[in-house]
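Colleague: Numbering (this note's numbering), first residue to last: 3 to 166. Ideal Cβ positions, reconstructed from N, Cα and C, are used throughout, including at glycine. In this text, all values refer to a predicted model and were calculated from it rather than measured experimentally.
1) Taking 9 Å as the threshold (C-beta atoms), are residue 10 and residue 120 in contact?
2) So, at 6 Å on beta carbons, what are the nonlocal neighbours of residue 29 in its own chain, with the 5 sequence-adjacent residues on each side left out?
3) Suppose contacts are defined by Cβ-Cβ distances below 9 Å. Is residue 105 in contact with residue 95 by that definition?
4) If you drop the 5 nearest sequence neighbours on each side, which residues of the same chain put their C-beta closer than 6 Å to that of residue 57?
5) May I ask which residues mark the beginning and end of the alpha helix (DSSP H) holding residue 165?
6) Are the CB atoms of residue 161 and residue 140 within a distance shorter than 9 Å?
7) Quick check on the DSSP output: the alpha helix (DSSP H) that includes residue 127 runs from which residue to which?
8) Suppose the cutoff is 6 Å on Cβ atoms and the five residues either side in sequence are ignored; what does the same chain contact list for residue 137 look like?
9) Going by DSSP, what residue range makes up the alpha helix (DSSP H) through residue 149?
10) Taking a contact to mean a Cβ-Cβ separation below 9 Å, would you say residue 52 touches residue 77 in this structure?
11) State yes or no: is the C-beta of residue 54 within less than 9 Å of the C-beta of residue 69?
12) Rounded to whole angstroms, what's the CA-CA distance from residue 49 to residue 125? Just pull it up for me.
13) Would you identify the three-state DSSP class for residue 91, choosing helix, strand or coil?
14) Quick one: give me the first and last residue of the beta strand (DSSP E) that residue 13 is part of.
15) For residue 35, which beta-bridge partners are listed by DSSP?
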């Protein structure tokens, strides 16, 4: 059964992460089947769990998504139609607001960002980033995985340095 969810999210570079050894790590791989200005379709594997998701961008911070679990065989077939994947380790360090640190690997090695998911827009306005947060990157190519995969290595490094 598809699961619908609304995300209100801001994303920041991480200057110095907290001690991550006390948090559970989940590794993921993600591929995009379709990407547009207002919507994207992607597949993600986290451990043995695979999902297909359609996300619609409502505005810069708000996204509406529909997720459904898919069999691993279907994930593998979909993956064959994709240019490149994103590989990262994920650590959820707080629940309210939800803070999730993403450490990227492979072509995106060096990118460490924290995603802050809010319950409502008032929480967004009242949020004060902790000292270990770096610059906000919500609406940059480094803040949107669907745009990150378009960067070549040179542009990736240049953009990462400009924000760091």
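Modeller: Reading off the structure:
1) yes
2) 91
3) no
4) 42, 65, 67
5) 155–165
6) no
7) 123–128
8) 15, 165
9) 147–150
10) yes
11) yes
12) 31 Å
13) strand
14) 5–16
15) DSSP, once it has assigned bridges, lists no residue as partnering residue 35.
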